[in-house]
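J.: First residue of the sequence shown: 1085, per our numbering; consecutive thereafter.
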Amino acid sequence: MTSENSEIKRHDFPDGFLWGVGTSAYQVEGAWRADGKGFSIWDCFCLRHPDKIKGGANGCRSVENYSRMKEDVQMLKKMGVNSYRFSISWPRILPGGKVSMGKSMEGINYYNKLIDELLRNKIEPFVTLFHWDLPNALEEEYLGFLSSKIVDDFVDYADICFWEFGDRVKNWVTLNEPQKFSECGYAQGVWAPGRGGKTQDGDAQTEPYTVAYNLLNCHAAAYRKYNEDYKGIQKGRVGITLNCQYLEPYRGYQNEDDVQAVKYGYDFTFGWFMEPLTKGTWPKSMQTFAQSPTEDYPDGRVLPKFSSDQVKKLIHSYDFLGINYYTSGYVRKPTSSDLMPLGYTRDSHYVKTGQDPDGNNIGEQAFEGSWVYLCPEQLGKLLIYIKKTYEVTKDIMITENGTTITCVFF
1085 MTSENSEIKR HDFPDGFLWG VGTSAYQVEG AWRADGKGFS IWDCFCLRHP
1135 DKIKGGANGC RSVENYSRMK EDVQMLKKMG VNSYRFSISW PRILPGGKVS
1185 MGKSMEGINY YNKLIDELLR NKIEPFVTLF HWDLPNALEE EYLGFLSSKI
1235 VDDFVDYADI CFWEFGDRVK NWVTLNEPQK FSECGYAQGV WAPGRGGKTQ
1285 DGDAQTEPYT VAYNLLNCHA AAYRKYNEDY KGIQKGRVGI TLNCQYLEPY
1335 RGYQNEDDVQ AVKYGYDFTF GWFMEPLTKG TWPKSMQTFA QSPTEDYPDG
1385 RVLPKFSSDQ VKKLIHSYDF LGINYYTSGY VRKPTSSDLM PLGYTRDSHY
1435 VKTGQDPDGN NIGEQAFEGS WVYLCPEQLG KLLIYIKKTY EVTKDIMITE
1485 NGTTITCVFF
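(1) How would you write the range of the beta strand (DSSP E) that arginine 1416 sits in, first residue to last?
(2) Does the distance from the CB of alanine 1305 to the CB of proline 1262 come in under 9 Å?
(3) Hey, cysteine 1459 and isoleucine 1407 are a contact pair by Cβ (cut 8 Å); roughly how many whole angstroms apart?
(4) Counting only C-beta atoms, is threonine 1353 closer than 9 Å to chain C at any point?
(5) Roughly how many angstroms separate the alpha carbons of lysine 1471 and isoleucine 1480, rounded to a whole number?
(6) Output yes or no for whether 9 Å exceeds the beta carbon distance between glycine 1320 and tyrosine 1434.
(7) In angstroms, rounded to a whole number, what distance separates the CA positions of phenylalanine 1494 and asparagine 1149?
(8) For the candidate residues Asn1445, Gly1453, Gln1289 and Met1424, whose alpha-carbon lies nearest to that of glutamate 1379?
(9) Can you grab the Cα-Cα spacing for the pair valine 1257 / leucine 1405, in whole Å?
(10) Within the continuous alpha helix (DSSP H) that includes proline 1262, where are the two ends?
(11) Which of the three DSSP states is assigned to tyrosine 1428 in this structure?
(12) What residues are listed by DSSP as bridge partners for threonine 1439?
(13) In whole angstroms, give me the CA-to-CA distance for methionine 1085 and phenylalanine 1097.
(14) I'd like to check one pair, valine 1235 with asparagine 1301: are the Cβ atoms closer than 9 Å?
(15) Specify the secondary structure class of isoleucine 1244 as computed by DSSP and reduced to three states.
(16) Quick one: residues in its chain with C-beta nearer than 6 Å to the C-beta of alanine 1345, no 5 flanking neighbours on either side, listed in chain order?
(17) Pick out whichever of Thr1483, Ser1392, Trp1275 and Ser1454 has its Cα sitting closest to the Cα of arginine 1132.
(18) Who are the near neighbours of valine 1165 in its chain, counting only those whose CB is closer than 7 Å to its CB and skipping five residues on each side?
(19) Give me the Cα-Cα distance between phenylalanine 1354 and aspartate 1313, rounded to the nearest whole angstrom.
(20) Under 9 Å, do threonine 1419 and tyrosine 1334 count as touching if we go by C-beta distance?
(21) Considering only residues of the same chain and omitting the five flanking positions on each side of serine 1454, which have a CB-CB separation below 6 Å?
(22) Pick helix, strand or coil for methionine 1085, following the three-state DSSP scheme.
(23) To which residues of the same chain is arginine 1308 closer than 8 Å at the C-beta, ignoring the five residues directly before and after it?
(24) Output the boundary residues of the alpha helix (DSSP H) element that contains glycine 1200.
(25) With distances taken from CA atoms, which of Trp1126, Arg1145 and Val1147 is nearest isoleucine 1137?
(26) Specify the secondary structure class of serine 1124 as computed by DSSP and reduced to three states.
(27) Answer yes or no: do leucine 1331 and glycine 1413 have a C-beta to C-beta separation smaller than 9 Å?
(28) Among Gly1114, Val1456 and Thr1365, which residue has its Cα nearest to the Cα of tyrosine 1194?
(29) Out of Pro1360, Gln1338 and Asp1285, state which residue places its alpha-carbon closest to the alpha-carbon of serine 1392.
(30) Just to confirm, is the Cβ distance from leucine 1218 to serine 1124 under 9 Å?
(31) Please report the distance separating the alpha-carbon of tryptophan 1174 from that of proline 1134.
(32) Report the rounded CA-to-CA distance for valine 1395 versus serine 1090, giving the unit in angstroms.
(33) What are the partner residues of tyrosine 1168, as DSSP defines its beta bridges?
(34) How many angstroms separate the CA atom of lysine 1478 from the CA atom of serine 1266?
(35) Work out the CA separation of glycine 1228 and lysine 1182 for me, nearest whole Å.
(36) Could you round the C-beta distance between phenylalanine 1210 and asparagine 1260 to whole angstroms and report it? I think they count as a contact, below 8 Å.
Here it is, written out as structure tokens:
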């Protein structure tokens, strides 16, 4: 423990402690059509729906990491980090999404050069296979993660990555924040592929759950592929990264409704993916609420069910668990005045806010209007909660953590 004013130094941490930073391919690479790269769903979403992105921005150019890679690695070195987490762009490796459509050696060579440059500068690569930029070709062919066909194509893509880069990459993340991808892309319609919102195609009452089911099966299949074909030689690890916030009852722990809402809050975010990975089934509250009747489904809905073989492959299918933590929140039971969209959002049966009943923020707000409240002390509580609640015995890694800022000029 340290006092509030004490200075934390690098040598306070044990040897082998990894200090790192991270990016995702679409956010930094640019070069959206360079060297035969295929379109991703984010390429198409940003260009077709600029109104969905602040300022109509897109990642076509971004910060040009694709062409400035060596400069960027030198910046990492100057920062003093010893690890760098980045994602591989699936359509840069497989422009058509499938092995049968051909792979791009230019794309593969780019990542080879990046990995080699990192290692040359004593920076360990952590590689994410899927950070939401699905090849648009697969979205057009069979609606991407809404189809079980995605599993075979994802494993083929992962297989190429393991084969091409696994001799040097020892830490793999299959999926980054699959909960946010499912919610924002298929319930709210505010992220690619833009389904489920008020004016978009899709069905927010069923599609988020179908997508989550297929994402989990993709993860388990890729994990199995690595363990069967590569782990013995490459000696690497495969994990998954889940987003999570620490939740507290809005009116305190004496309020049973809000305490129950906290449970629902975890069930419909972190637990949505963690319970299948530990128990092979969906959280009990999700089984109840996501299958309840609605006006469109008077006889109720049906959650995808994992087969016994899928359960066997899912349970404990990770060598480490990545946690992305940025903020915390107060949670309460919804009231009739809460306008909750039909589907996943209403199914969750909780409302999250950054203020308590007296209007006090749970932590310092990063900036006016930001969703991030600075609650570093809650991270330790969250890790203990996760370890105890889900009986996690494998390594837990903080794969993302930080705050938001309005603008920085270098």
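All C-beta atoms in this analysis are idealised placements derived from N, C-alpha and C, irrespective of residue type, glycine included.
What you are looking at is a predicted structure, and each value in this text was computed from that prediction instead of being measured.
T.: Reading it off the structure:
(1) By 1-based counting over the sequence shown, the position of residue 1416 is 332. Here the beta strand (DSSP E) through arginine 1416 covers 1412–1416.
(2) Residue numbering aside, residue 1305 sits at position 221 when the sequence shown is read from its first letter. Residue numbering aside, residue 1262 sits at position 178 when the sequence shown is read from its first letter. No, Cβ-Cβ distance for alanine 1305 and proline 1262 is not below 9 Å.
(3) Here the question's residue 1459 lines up with position 375 in the sequence shown. Here the question's residue 1407 lines up with position 323 in the sequence shown. 14 Å between Cβ atoms; not a contact.
(4) In summary, chain C is missing from the structure at hand, where a single protein chain is found.
(5) Walking along the sequence shown from the start, residue 1471 turns up at place 387. Walking along the sequence shown from the start, residue 1480 turns up at place 396. Their backbone Cα atoms lie some 9 Å apart in a straight line.
(6) Position 236 of the sequence shown holds residue 1320. Position 350 of the sequence shown holds residue 1434. The answer is no: Cβ separation not under 9 Å.
(7) Against the sequence shown, residue 1494 aligns to sequence position 410. Against the sequence shown, residue 1149 aligns to sequence position 65. The predicted model places phenylalanine 1494 with a pLDDT of 49, which falls under 50 and marks its position as unreliable; any figure quoted below should be read in that light. Computed Cα separation, rounded: 15 Å.
(8) Start at 1 with the first residue of the sequence shown, and residue 1379 comes out as number 295. Glutamate 1379 has its Cα closest to that of Gln1289, out of Asn1445, Gly1453, Gln1289 and Met1424.
(9) Position 173 of the sequence shown holds residue 1257. Position 321 of the sequence shown holds residue 1405. For valine 1257 and leucine 1405, the distance between alpha carbons rounds to 9 Å.
(10) In the sequence shown, counting from the first residue as 1, residue 1262 sits at position 178. It spans 1262–1270 - the alpha helix (DSSP H) in which proline 1262 sits, taken as one unbroken run.
(11) One-based indexing of the sequence shown puts residue 1428 at position 344. Three-state result, tyrosine 1428: helix.
(12) Indexing the sequence shown from 1 puts residue 1439 at position 355. Residue identity check: residue 1439 is glutamine in the sequence provided, not threonine. Asn1445.
(13) Here residue 1085 is taken as the residue at index 1 of the sequence shown, counted from 1. Here residue 1097 is taken as the residue at index 13 of the sequence shown, counted from 1. Here the model assigns methionine 1085 a pLDDT of 47, short of 50, so the residue's position is not dependable, and the following value carries that caveat. Their backbone Cα atoms lie some 12 Å apart in a straight line.
(14) Looking up residue 1301 in the sequence shown gives position 217. Looking up residue 1235 in the sequence shown gives position 151. Going by C-beta atoms, asparagine 1301 is nearer than 9 Å to valine 1235.
(15) Here residue 1244 is taken as the residue at index 160 of the sequence shown, counted from 1. Note: isoleucine 1244 maps to helix in three-state DSSP.
(16) Mapped onto the sequence shown, residue 1345 falls at position 261. The answer, listed in chain order, is Val1415, Arg1416, Lys1417 and Tyr1434.
(17) Residue 1132 sits at position 48 when you count from the first residue of the sequence shown. Measuring from the Cα of arginine 1132, the nearest candidate turns out to be Trp1275.
(18) If you number the sequence shown from 1, residue 1165 lands on position 81. Only Trp1103, Gly1104, Val1105 and Ile1207 meet the Cβ criterion.
(19) Here residue 1354 refers to the residue found at position 270 of the sequence shown. Here residue 1313 refers to the residue found at position 229 of the sequence shown. Rounded to the nearest angstrom, the two C-alpha atoms are 30 Å apart.
(20) As a first step, residue 1419 must be located in the sequence shown, where it is residue number 335. As a first step, residue 1334 must be located in the sequence shown, where it is residue number 250. Not closer than 9 Å, so no.
(21) The residue labelled residue 1454 in the question sits at position 370 within the sequence shown. Correct list, in chain order: Thr1488.
(22) For the purposes of this step, residue 1085 is taken as residue 1 along the sequence shown, with counting starting at 1. Because the pLDDT of methionine 1085 is 47, which lies under 50, any placement of that residue in the model is unreliable, and the question is left without a value.
(23) To locate residue 1308, count along the sequence shown from 1; it is residue 224. Excluding positions up to five away in sequence, the list reads Lys1397 and Ser1401.
(24) Indexing the sequence shown from 1 puts residue 1200 at position 116. Here residue 1200 turns out to be aspartate, not glycine, going by the sequence shown. Aspartate 1200 -> alpha helix (DSSP H) spans 1189–1204.
(25) As a first step, residue 1137 is located in the sequence shown; it is residue number 53 there, counting from the start. Of the listed residues, the one whose Cα sits closest to isoleucine 1137 is Trp1126.
(26) Numbered from its first residue, the sequence shown carries residue 1124 at position 40. Looking at serine 1124 - three-state DSSP - the assignment turns out to be strand.
(27) What you label residue 1331 is simply residue 247 of the sequence shown in a count that begins at 1. What you label residue 1413 is simply residue 329 of the sequence shown in a count that begins at 1. Contact flag set, yes.
(28) In the sequence shown, residue 1194 corresponds to position 110, counting from 1. Ranking Gly1114, Val1456 and Thr1365 by Cα distance to tyrosine 1194 puts Gly1114 first.
(29) To locate residue 1392, count along the sequence shown from 1; it is residue 308. With distances taken between Cα atoms, serine 1392 lies closest to Pro1360.
(30) As a working note, residue 1218 is residue 134 in the sequence shown. As a working note, residue 1124 is residue 40 in the sequence shown. Contact flag set, yes.
(31) By one-based count along the sequence shown, residue 1174 stands at place 90. By one-based count along the sequence shown, residue 1134 stands at place 50. Each residue's alpha carbon lies about 23 Å from the other.
(32) Taking the sequence shown and counting its residues from 1, the one referred to as residue 1395 is at position 311. Taking the sequence shown and counting its residues from 1, the one referred to as residue 1090 is at position 6. Cα to Cα, the separation comes out at about 48 Å.
(33) For the purposes of this step, residue 1168 is taken as the residue at position 84 of the sequence shown. Val1105 and Pro1209, per the DSSP bridge assignment.
(34) Taking the sequence shown and counting its residues from 1, one reaches residue 1478 at position 394. Taking the sequence shown and counting its residues from 1, one reaches residue 1266 at position 182. If I take the Cα positions, the gap works out to 25 Å.
(35) The sequence position of residue 1182 within the sequence shown is 98, counting from 1. The sequence position of residue 1228 within the sequence shown is 144, counting from 1. Their Cα atoms are separated by approximately 12 Å.
(36) Here residue 1210 refers to the residue found at position 126 of the sequence shown. Here residue 1260 refers to the residue found at position 176 of the sequence shown. At roughly 11 Å, the Cβ-Cβ gap does not stay under 8 Å, so phenylalanine 1210 and asparagine 1260 are not in contact.
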